[in-house]
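Numbering (our numbering), first residue to last: 7 to 506. Cβ atoms here follow ideal geometry from the backbone N, Cα and C, with glycine treated the same way. Everything numeric in this text was worked out from a predicted model, so none of it was measured. See below for the structure under consideration.
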Amino acid sequence: FQNIMRRTAETRHEQYRSFLRSVSLLADLPDDKLSKIVDCLEVEYYDKGEYVIRQGEEGSTFYIIAQGKVKVTQTTEAHKPPQIINTLQKGDYFGEKALISDDLRSANIIADENGVECLVIDRETFDHTVGNFNELQKHLQGYVATLDRDDKKRHIKKSVSRQKSMPLSPDFLQLKDMVSVFPPSKPFDLLEVVATLGVGGFGRVELVKVKDEDITFALKIIKKKHVVENRQEEHIHSERRILAEARSPFVVKLYRTFKDEKYVYMLLEACLGGEIWSLLRDRGSFDEPTAKFCVGCVTEAFEYLHRKGVLYRDLKPENLMLDTEGYIKLVDFGFAKKIRSGQKTWTFCGTPEYVAPEIILNKGHNFSVDFWALGILVFELLTGSPPFSGSDQMMTYTFILKGIEKMDFPKKISKRPEDLIRKLCRRNPAERLGNLKNGITDIKKHRWFNGFNWEGLKARTLPSPLRRQLSGPTDYSYFDNYPPDEDSPPDELSGWDVDF
Numbered sequence: 007f008q009n010i011m012r013r014t015a016e017t018r019h020e021q022y023r024s025f026l027r028s029v030s031l032l033a034d035l036p037d038d039k040l041s042k043i044v045d046c047l048e049v050e051y052y053d054k055g056e057y058v059i060r061q062g063e064e065g066s067t068f069y070i071i072a073q074g075k076v077k078v079t080q081t082t083e084a085h086k087p088p089q090i091i092n093t094l095q096k097g098d099y100f101g102e103k104a105l106i107s108d109d110l111r112s113a114n115i116i117a118d119e120n121g122v123e124c125l126v127i128d129r130e131t132f133d134h135t136v137g138n139f140n141e142l143q144k145h146l147q148g149y150v151a152t153l154d155r156d157d158k159k160r161h162i163k164k165s166v167s168r169q170k171s172m173p174l175s176p177d178f179l180q181l182k183d184m185v186s187v188f189p190p191s192k193p194f195d196l197l198e199v200v201a202t203l204g205v206g207g208f209g210r211v212e213l214v215k216v217k218d219e220d221i222t223f224a225l226k227i228i229k230k231k232h233v234v235e236n237r238q239e240e241h242i243h244s245e246r247r248i249l250a251e252a253r254s255p256f257v258v259k260l261y262r263t264f265k266d267e268k269y270v271y272m273l274l275e276a277c278l279g280g281e282i283w284s285l286l287r288d289r290g291s292f293d294e295p296t297a298k299f300c301v302g303c304v305t306e307a308f309e310y311l312h313r314k315g316v317l318y319r320d321l322k323p324e325n326l327m328l329d330t331e332g333y334i335k336l337v338d339f340g341f342a343k344k345i346r347s348g349q350k351t352w353t354f355c356g357t358p359e360y361v362a363p364e365i366i367l368n369k370g371h372n373f374s375v376d377f378w379a380l381g382i383l384v385f386e387l388l389t390g391s392p393p394f395s396g397s398d399q400m401m402t403y404t405f406i407l408k409g410i411e412k413m414d415f416p417k418k419i420s421k422r423p424e425d426l427i428r429k430l431c432r433r434n435p436a437e438r439l440g441n442l443k444n445g446i447t448d449i450k451k452h453r454w455f456n457g458f459n460w461e462g463l464k465a466r467t468l469p470s471p472l473r474r475q476l477s478g479p480t481d482y483s484y485f486d487n488y489p490p491d492e493d494s495p496p497d498e499l500s501g502w503d504v505d506f
């Protein structure tokens, strides 16, 4: 048996070496360097129609086809819909320039009929095990000299386009104008309750309908007495200010606020696709494309919020809602806070399973806690439960402080998302992906997102794997049932809510 295994390994090793020798970039490398590359090659599978790489994205990964075929398509000025320009098969390779520079992908590579198996190495692994471009220049210079001049522009680092604030859509402005004339202290003069969407210690979220109109909103009803007793006045003010200013398709819209003697109210966009939490509970876990879409939406939300100086601090599946198109929106900004660049804050807040070590240790924290939470979210979406969970909060915090470094991951998390999770959940905030010199761009460029259509996501043209059928604006079938609230709180007249 051992002889068979050895011969199989030797045959595979030799086959991989011959693949590598056929690559012009690597042809002149010494045998020891080539052997190191063979040892580092990883096998990856792509199903039919899946993008291996996408035109225009910045690449850092080289691929050799071990089994199957891929289609090569390209969009040009003359041909806006992508045209098939080539087919590659076993032994062919692509993306080799990414090993020596920030190569902008010039075409799409799409897995063909029966899927494709690729041998893969990225630039970071290549640099660590074989040497970087400067160290290998004598072996690589012949290859580099043959690069077309037209091709050189692909090696200039592309400036990253930041997500702009979305312009105010006509629909949003129209609805804002409509509700602006509602009485400031009597929302139910013109609104009627359709159903309860959620309940919590603060109060409730009701699906409300404009009387005699087919227009619905989510009305967050907050008990003023509860706010004062828990000293949450500033958090409620902060939530209102942040949502009033937010202009991102990945953040829930706030239309206006109301107040009376017992409650303050926030009139929000109704996200009728339901919570990611309940969908995850029903499915058990998400497949990688679905998890990737979710994490992509949250990453876009964080990019926007952090650029505006807003720290979110309450990421969890319960706070991710689906709109009618199946796109995710961040809701519940009760723990969100505006901070300056370089500033830290010390408030202990968040959901225990998602809290970063520096919050537990009261060391002061900044935007990096959101990246920690993003890593926890990736883990939970792929497995159905977070990585750190104990019988009580203190046990959970103990597990968090032990760190993720030595944790064995379940088999259902493949290598790429595992690598992303470990990089997001570094114990030292300064070492976390998203918190390095390239910021959130490092997350978008991580290998797990190779081929992901970020532009389509931002433009909302990428079909969502989470879109659900809705019969209309009053369809609340994707929410749990809640009993009516019979308990009316006492009046609270201290005046902390004067701005509502």
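> According to the neighbour-count rule (16 or more other Cβ atoms, all chains shown, within 10 Å of its Cβ), is methionine 272 buried or exposed?
Replying inline: In the sequence shown, counting from the first residue as 1, residue 272 sits at position 266. Burial call: buried.
> For isoleucine 410, is the beta carbon positioned less than 7 Å from some heavy atom of the ligand GTP?
Replying inline: With respect to small molecules bound, the structure shown includes none, and the ligand GTP cannot be examined in it.
> Pick from Thr222, Leu203, Gly207 and Asp38: whose alpha carbon is nearest that of methionine 184?
Replying inline: Along the sequence shown, one-based indexing puts residue 184 at 178. If we check each option's Cα against that of methionine 184, Thr222 comes out closest.
> Does the segment 41–60 come close enough to the segment 114–129 to have 3 or more Cβ pairs within less than 8 Å?
Replying inline: yes
> Which whole-angstrom value describes the C-beta separation of valine 304 and leucine 321, a residue pair presumed to lie in contact below a C-beta threshold of 8 Å?
Replying inline: Against the sequence shown, residue 304 aligns to sequence position 298. Against the sequence shown, residue 321 aligns to sequence position 315. Right, their Cβ atoms sit about 7 Å apart.
> From alanine 113 to aspartate 34, what does the alpha carbon distance come to, in whole angstroms?
Replying inline: As a first step, residue 113 must be located in the sequence shown, where it is residue number 107. As a first step, residue 34 must be located in the sequence shown, where it is residue number 28. Near 27 Å, if we compare the C-alpha coordinates of aspartate 34 and alanine 113.
>> To the nearest angstrom, how far is the alpha carbon of tryptophan 460 from that of glutamine 61?
In response: Along the sequence shown, read from residue 1 onward, the residue named residue 460 stands at position 454. Along the sequence shown, read from residue 1 onward, the residue named residue 61 stands at position 55. If I take the Cα positions, the gap works out to 11 Å.
>> Less than 8 Å between the beta carbons of isoleucine 449 and phenylalanine 385, yes or no?
In response: Against the sequence shown, residue 449 aligns to sequence position 443. Against the sequence shown, residue 385 aligns to sequence position 379. Their beta carbons are not under 8 Å apart, which means isoleucine 449 does not touch phenylalanine 385 by this criterion.
> Looking only at DSSP bridge pairs, what is glutamate 64 linked to?
Replying inline: The residue given as residue 64 occupies position 58 in the sequence shown. According to DSSP, glutamate 64 bridges with Leu110.
> If lysine 215 sits next to glutamate 198, beta carbons under 8 Å apart, how far is it from one beta carbon to the other, in whole angstroms?
Replying inline: As a position in the sequence shown, residue 215 is number 209, starting the count at 1. As a position in the sequence shown, residue 198 is number 192, starting the count at 1. About 5 Å separates the two Cβ atoms, so the contact holds.
> If you drop the 5 nearest sequence neighbours on each side, which residues of the same chain put their C-beta closer than 6 Å to that of valine 58?
Replying inline: As a first step, residue 58 must be located in the sequence shown, where it is residue number 52. Excluding the 5 residues flanking it on each side, valine 58 has same chain C-beta neighbours closer than 6 Å at Tyr52, Ile115 and Gly457, in chain order.
> Since lysine 229 is in the beta strand (DSSP E), which residue starts that stretch and which ends it?
Replying inline: Here residue 229 refers to the residue found at position 223 of the sequence shown. Counting along the chain, the beta strand (DSSP E) containing lysine 229 begins and ends at 222–229.
>> According to DSSP, is asparagine 368 part of a helix, a strand, or is it coil?
In response: Against the sequence shown, residue 368 aligns to sequence position 362. In this structure, asparagine 368 counts as coil in the three-state DSSP scheme.
>> Please tell me whether leucine 387 and phenylalanine 292 are closer than 8 Å, where the distance is taken between their beta carbons.
In response: Taking the sequence shown and counting its residues from 1, one reaches residue 387 at position 381. Taking the sequence shown and counting its residues from 1, one reaches residue 292 at position 286. Cβ distance < 8 Å, so leucine 387 and phenylalanine 292 count as in contact.
> Under three-state DSSP, which class holds cysteine 277?
Replying inline: Stepping through the sequence shown from its first residue, residue 277 is reached at position 271. Residue state, collapsed to three classes: coil.
> Which runs of the alpha helix (DSSP H) fall wholly inside the segment 447–490 and span at least 4 residues, in chain order?
Replying inline: 447–450 and 460–465
> Quick one: complete beta strand (DSSP E) runs, 3+ long, within the segment 249–295?
Replying inline: Correct list: 260–265 and 269–274.
>> Tell me which residue opens and which closes the alpha helix (DSSP H) that arginine 129 is part of.
In response: Start at 1 with the first residue of the sequence shown, and residue 129 comes out as number 123. Run containing arginine 129: 129–135, per the alpha helix (DSSP H) assignment.
> Do glycine 315 and isoleucine 345 have their C-beta atoms closer together than 8 Å?
Replying inline: For the purposes of this step, residue 315 is taken as residue 309 along the sequence shown, with counting starting at 1. For the purposes of this step, residue 345 is taken as residue 339 along the sequence shown, with counting starting at 1. Contact: yes.
> What three-state label does DSSP hand aspartate 45 in the structure shown?
Replying inline: One-based indexing of the sequence shown puts residue 45 at position 39. Helix at aspartate 45.
> Can you check whether the CB of leucine 94 is closer than 8 Å to the CB of isoleucine 127?
Replying inline: Working through the sequence shown from its first residue, we reach residue 127 at position 121. Working through the sequence shown from its first residue, we reach residue 94 at position 88. The answer is no: Cβ separation not under 8 Å.
>> So the candidates are Asp195, Pro423, Gly370 and Leu274; which of them puts its Cα closest to the Cα of leucine 249?
In response: Residue mapping note: residue 249 aligns to position 243 of the sequence shown, counting from 1. Shortest Cα-Cα distance from leucine 249 to any of Asp195, Pro423, Gly370 and Leu274 involves Leu274.
>> Let me confirm a value: tryptophan 352 is counted as buried when at least 16 other C-beta atoms fall within 10 Å, else exposed. Which label applies?
In response: Taking the first residue of the sequence shown as 1, we reach residue 352 at position 346. Exposed, by the Cβ-count rule.
> Start and end of the beta strand (DSSP E) containing lysine 215?
Replying inline: As a working mapping, residue 215 is identified with position 209 in the sequence shown. 209–216 is the extent of the beta strand (DSSP E) around lysine 215.
> Would threonine 404 be called buried (16 or more neighbouring beta carbons within 10 Å of its own) or exposed?
Replying inline: The residue given as residue 404 occupies position 398 in the sequence shown. Exposed, since its Cβ has fewer than 16 Cβ neighbours within 10 Å.
> Any idea what DSSP makes of tyrosine 310, helix, strand or coil?
Replying inline: To locate residue 310, count along the sequence shown from 1; it is residue 304. When secondary structure is reduced to three states using DSSP, tyrosine 310 falls in the helix class.
>> Measuring alpha carbon to alpha carbon, tell me which residue in Pro495, Lys103 and Gly121 is nearest arginine 129.
In response: Within the sequence shown, numbered from 1, the residue matching residue 129 stands at position 123. The alpha carbon of arginine 129 has as its nearest neighbour, out of Pro495, Lys103 and Gly121, the alpha carbon of Lys103.
> Under the three-state reduction of DSSP, which class applies to valine 504: helix, strand or coil?
Replying inline: Looking up residue 504 in the sequence shown gives position 498. Coil.
>> Here's a check: name, in chain order, each residue in its chain whose Cβ is nearer than 7 Å to the Cβ of phenylalanine 178, leaving out the five neighbours to either side.
In response: Walking along the sequence shown from the start, residue 178 turns up at place 172. So the list reads Lys259, once near-sequence residues are dropped.
> Since glycine 381 is in the alpha helix (DSSP H), which residue starts that stretch and which ends it?
Replying inline: Working through the sequence shown from its first residue, we reach residue 381 at position 375. Unbroken alpha helix (DSSP H) run through glycine 381: 374–389.
>> Quick check: what's the CA-CA separation for phenylalanine 308 versus threonine 389?
In response: The count along the sequence shown starts at 1 and reaches residue 308 at position 302. The count along the sequence shown starts at 1 and reaches residue 389 at position 383. So the two alpha carbons sit approximately 23 Å from each other.
> DSSP beta-bridge partners for leucine 327?
Replying inline: The residue you call residue 327 lines up with position 321 of the sequence shown. Looking at the sequence provided, one finds methionine at residue 327 rather than leucine. Bridge partners of methionine 327: Glu281 and Lys335.
> Quick one: what does DSSP say tyrosine 318 is sitting in, helix, strand or coil?
Replying inline: In the sequence shown, residue 318 corresponds to position 312, counting from 1. Tyrosine 318 falls in the coil class under three-state DSSP.
> Got a sec? Which residues, its chain only, sit under 6 Å from proline 496 by beta carbon, not counting five neighbours each side?
Replying inline: In the sequence shown, residue 496 corresponds to position 490, counting from 1. Cβ within range, chain order: Lys231.
> For arginine 23, which of helix, strand or coil comes out of DSSP?
Replying inline: Here residue 23 is taken as the residue at index 17 of the sequence shown, counted from 1. In the structure shown, arginine 23 sits in a helix (DSSP, three-state: H, G or I).
> Helix or strand or just coil, what does DSSP make of phenylalanine 100?
Replying inline: Your numbering for residue 100 matches position 94 in the sequence shown. It is a strand residue.
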